[in-house]
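Numbering-wise, our numbering comes out as the position in the sequence shown, counting from 1, plus 236.
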Amino acid sequence: MILKKQERYKLFIEYFSKNKPIAETELVYVTPYELMVAVILSAQCTDKRVNIITKIFFKSFPNEKSLAKASKEEVYEIIKSCSYPNNKTKNLIGMAKTLIEKFNSVVPSDIDELQKLPGIGRKSANVIASVIFKKPVMPVDTHVFRVSARLGLTTNAKTPLETEKQLVKNIPEDKIAIAHHWLILHGRYICLARNPKCQECNLKYICKYQENISKKIENI
Numbered sequence: 237m238i239l240k241k242q243e244r245y246k247l248f249i250e251y252f253s254k255n256k257p258i259a260e261t262e263l264v265y266v267t268p269y270e271l272m273v274a275v276i277l278s279a280q281c282t283d284k285r286v287n288i289i290t291k292i293f294f295k296s297f298p299n300e301k302s303l304a305k306a307s308k309e310e311v312y313e314i315i316k317s318c319s320y321p322n323n324k325t326k327n328l329i330g331m332a333k334t335l336i337e338k339f340n341s342v343v344p345s346d347i348d349e350l351q352k353l354p355g356i357g358r359k360s361a362n363v364i365a366s367v368i369f370k371k372p373v374m375p376v377d378t379h380v381f382r383v384s385a386r387l388g389l390t391t392n393a394k395t396p397l398e399t400e401k402q403l404v405k406n407i408p409e410d411k412i413a414i415a416h417h418w419l420i421l422h423g424r425y426i427c428l429a430r431n432p433k434c435q436e437c438n439l440k441y442i443c444k445y446q447e448n449i450s451k452k453i454e455n456i
């Protein structure tokens with residue numbers, strides 16, 4: 237049976253609402269500042285690695301004031317095990333200084349304002365707005381992009397922004413924030429990029445990817 241897109245969304249939301257009613261970021265943080273640091277570090281890096289780094293990082297730089305005064309050498313030494321440590325060192329110190337100078341040490345909730353902070357692009361801004369401020373925005377990382385396409389929640393989305401717009405348009409506003417985590421966790425542990433665990437997946441009945449595989453088999 238070929239499902240219509242709205243039916244896929246309905247079944248997707250029903251499944252996760254029942255089986256994963258609580259879904260949160262796996263980044264460890266306490267304050268908005270700590271989440272921003274973790275999000276900057278998380279680019280092209282696993283949450284597990286970021287959490288190892290931040291456990292040490294926050295002992296040396298517990299807030300934006302201490303980080304703004306840090307030298308590049310001090311920051312680099314702590315974060316060098318993550319990807320792109322040179323760029324992230326520059327962005328972390330720049331973020332702290334900008335947060336103090338332009339925002340009086342208050343993390344903004346507005347997406348456009350957040351993107352004025354070094355190291356914070358649209359996806360990162362959406363993460364902060366969603367997690368900290370509970371805004372109905374959809375951060376699109378590689379997992380969200382891949383899983384939403386495979387399930388058939390998005391159609392011909394070529395960019396993260398196109399994926400974001402389609403998901404926000406079709407997911408009820410009160411479910412957008414948690415749906416972001418559903419998609420990430422499903423992509424991280426089940427719907428893997430190279431070898432998806434389709435036999436373990438409980439969403440096969442709505443999956444466009446599975447539909448296409450079945451069609452290929454039928455045509456053999």
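Positions of the beta carbon are idealized from the N, C-alpha and C atoms, including for glycine.
Beta carbon of residue i nearer than 7 Å to that of residue j
i	j	result
L353	A332	no
V376	P344	no
G423	R244	no
E300	I336	yes
T325	V311	yes
V383	L419	yes
C281	S317	no
Y445	R386	yes
P321	I329	no
V342	M374	no
V275	S360	yes
Continuous alpha helix (DSSP H) stretch holding residue i: start and end
i	result
E309	K308 to I315
L263	Premise fails: L263 is in no alpha helix (DSSP H) and is neither H nor E.
S384	T378 to L387
L353	Looking at the DSSP string, L353 is not in any alpha helix (DSSP H), and its letter there is neither H nor E.
I442	Element bounds for I442: n/a, residue is neither H nor E.
Q402	P396 to N406
N392	Here N392 belongs to no alpha helix (DSSP H), and DSSP marks it neither H nor E.
R430	Where R430 is concerned, there is no enclosing alpha helix (DSSP H), given that its DSSP letter is neither H nor E.
V363	R358 to V367
T334	P321 to F339
S253	K241 to N255
T290	D283 to S296
A415	I412 to Y425
S302	E300 to A304
With 16 other Cβ atoms within 10 Å as the buried cut-off, status of residue i
i	result
N438	exposed
P408	exposed
Y265	buried
T391	exposed
Q402	buried
S296	exposed
N340	exposed
N406	buried
V380	buried
I238	exposed
N327	buried
E436	exposed
E400	buried
Whole-number beta carbon distance between residue j and residue i, since they are thought to touch under 8 Å
i	j	result
I412	P268	That pair is no contact at about 20 Å.
N287	L263	7 Å
T290	H417	Not confirmed; about 19 Å, so no contact.
I414	A259	5 Å
V273	F248	V273 to F248, Cβ: 32 Å. No contact.
Any C-beta of chain B under 7 Å from that of residue i
i	result
L247	Within the model displayed, chain B is absent; a lone protein chain is all it includes.
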